[in-house]
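Peer 1: The structure's right below; bear with me while I get my questions together.
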Amino acid sequence: MRRRLRPVLTALILAAGSGVLSGCAATLIGAGATAGVAAAEERGLEGAIDDTKLRVEINRLWFDRDVEMYRKVTLNIHEGRVMLTGVVQTDQARADAVRLCWQVTGVREVLNEILVRASGEAGLDQANDLWIQQKLKARLLTDGEIKNINYVIDVTDSVIYVLGIAQSANEMDRVIAHARDVSGVKRVINHIRLKSDPRRNG
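Residue numbers (mature numbering (1 follows the signal peptide of the UniProt record, and there is no 0)): -25 to -1, 1 to 177.
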């Protein structure tokens, strides 16, 4: 059993590499906590590992193609569904980011929410986007009728993008209602699937 779990923990450590604390003990504790969280998600530990592999490969392709693409496009993945947000300067850069995602085996869907803004146009209020994101995450965390661990929240230009798995239509409605109720939100883009959705099985 330990031999089978060893590659899983290794992958999780690599996935969390950018936030690893100094010291072996901290790394192992962090990996264990990450594994525990992943196992509790609806997609399960194996699904989390598969998504991590997709993330690593897509990031590699982006970095090789254009460092700016790697830096400016935000990548979120859940059960092979790839959600792209962020801002690029050209339609070609937007198309390239999507095209490279489809080159990776295991990608089931690409949700292209990338914005195009030419150089010189007004930038994003990243501080406000972060505030909205944290406000919504806090609401989901404290709502006992929502299994918040199954949701990915991203905010770009005051637009909330929600990706994940809902236990029921009622839970999904509660998540979207919370998102719409956050002050300053322009729109809410719903990419949630129900737990019973047959598309989750392939």
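For every residue, glycine included, the Cβ atom is placed at its ideal position computed from N, Cα and C.
With HIS166 and MET58 assumed to form a contact (beta carbons below 8 Å), what rounded beta-carbon distance in angstroms separates them?
Peer 2: Along the sequence shown, one-based indexing puts residue 166 at 191. Along the sequence shown, one-based indexing puts residue 58 at 83. 6 Å between Cβ atoms; contact.
Peer 1: By the 10 Å Cβ neighbour count, where 16 or more other Cβ atoms means buried, how is ARG18 classified, buried or exposed?
Peer 2: Along the sequence shown, read from residue 1 onward, the residue named residue 18 stands at position 43. ARG18 comes out buried.
Peer 1: Should TRP37 and LEU75 be called a contact, given that it needs their Cβ atoms to be closer than 8 Å?
Peer 2: Mapped onto the sequence shown, residue 37 falls at position 62. Mapped onto the sequence shown, residue 75 falls at position 100. Taking 8 Å as the Cβ cut-off, TRP37 and LEU75 qualify as a contacting pair.
Peer 1: Using a Cβ-Cβ cutoff of less than 7 Å, which residues in the same chain neighbour SER158 once the five nearest sequence positions on both sides are dropped?
Peer 2: The sequence position of residue 158 within the sequence shown is 183, counting from 1. Nothing meets the Cβ criterion.
Peer 1: Measure the beta-carbon distance from ILE107 to LEU115 and round it to whole angstroms, keeping in mind my assumption that it falls under 8 Å.
Peer 2: For the purposes of this step, residue 107 is taken as residue 132 along the sequence shown, with counting starting at 1. For the purposes of this step, residue 115 is taken as residue 140 along the sequence shown, with counting starting at 1. Their Cβ separation, rounded to whole angstroms, is 13 Å, which puts ILE107 and LEU115 out of contact at 8 Å.
Peer 1: Figure out for me which residue from ASP129, VAL82 and VAL63 has the closest Cα to the Cα of GLU54.
Peer 2: For the purposes of this step, residue 54 is taken as the residue at position 79 of the sequence shown. With distances taken between Cα atoms, GLU54 lies closest to VAL82.
Peer 1: Under 7 Å Cβ to Cβ from ARG155, same chain only, skipping five residues before and after it: list those, please.
Peer 2: Indexing the sequence shown from 1 puts residue 155 at position 180. Excluding positions up to five away in sequence, the list reads VAL163.
Peer 1: Could you tell me if SER171 is buried or exposed, where buried requires 16 or more neighbouring beta carbons within 10 angstroms of its beta carbon?
Peer 2: In the sequence shown, counting from the first residue as 1, residue 171 sits at position 196. It counts as exposed.
Peer 1: May I have the straight-line CA-CA distance separating VAL62 from ASP26, to the nearest angstrom?
Peer 2: Within the sequence shown, the letter at position 87 stands for residue 62. Within the sequence shown, the letter at position 51 stands for residue 26. Taking the straight line joining both Cα atoms gives about 23 Å.
Peer 1: For LEU59, name the three-state secondary structure that DSSP assigns.
Peer 2: The sequence position of residue 59 within the sequence shown is 84, counting from 1. Here LEU59 sits in strand by DSSP.
Peer 1: Would you say GLY98 reaches chain B, if we count a Cβ-Cβ gap shorter than 8 Å as a contact?
Peer 2: Absent here is chain B; the protein component of the structure consists of one chain.
Peer 1: Excluding the five sequence neighbours on either side, which residues of its own chain have a C-beta within less than 7 Å of the C-beta of THR65, listed in chain order?
Peer 2: Numbered from 1 along the sequence shown, position 90 holds the residue referred to as residue 65. Excluding residues within five positions, the ones whose Cβ falls inside 7 Å are VAL91.
Peer 1: With a threshold of 16 other CB atoms inside 10 Å of the CB of ALA141, please say whether the residue is buried or exposed.
Peer 2: Within the sequence shown, the letter at position 166 stands for residue 141. Its Cβ being crowded by 16 or more others within 10 Å, ALA141 is buried.
Peer 1: According to DSSP, is GLU146 part of a helix, a strand, or is it coil?
Peer 2: For the purposes of this step, residue 146 is taken as the residue at position 171 of the sequence shown. Helix.
Peer 1: Do ALA72 and VAL48 have their C-beta atoms within less than 8 Å of each other?
Peer 2: Here residue 72 is taken as the residue at index 97 of the sequence shown, counted from 1. Here residue 48 is taken as the residue at index 73 of the sequence shown, counted from 1. Yes; because the gap between Cβ atoms is below 8 Å, this pair is in contact.
Peer 1: Which stretch, first to last residue, makes up the alpha helix (DSSP H) that contains ASP26?
Peer 2: Position 51 of the sequence shown, counted from the first residue, corresponds to residue 26. Unbroken alpha helix (DSSP H) run through ASP26: 19 to 40.
Peer 1: Nearest by alpha-carbon distance to VAL130: which of ALA15, ASP118, LYS110 and ASN123 is it?
Peer 2: For the purposes of this step, residue 130 is taken as residue 155 along the sequence shown, with counting starting at 1. Among ALA15, ASP118, LYS110 and ASN123, the Cα nearest to that of VAL130 belongs to LYS110.
Peer 1: Once the 5 residues before and after GLU16 are set aside, which same chain residues still bring their CB inside 7 Å of it?
Peer 2: Here residue 16 refers to the residue found at position 41 when the sequence shown is read from its first residue. Excluding positions up to five away in sequence, the list reads ALA23, ILE124 and ASN125.
Peer 1: In terms of residue numbering, what span does the beta strand (DSSP E) encompassing THR49 cover?
Peer 2: Position 74 of the sequence shown holds residue 49. 48 to 53 is the span of the beta strand (DSSP E), which, as asked, contains THR49.
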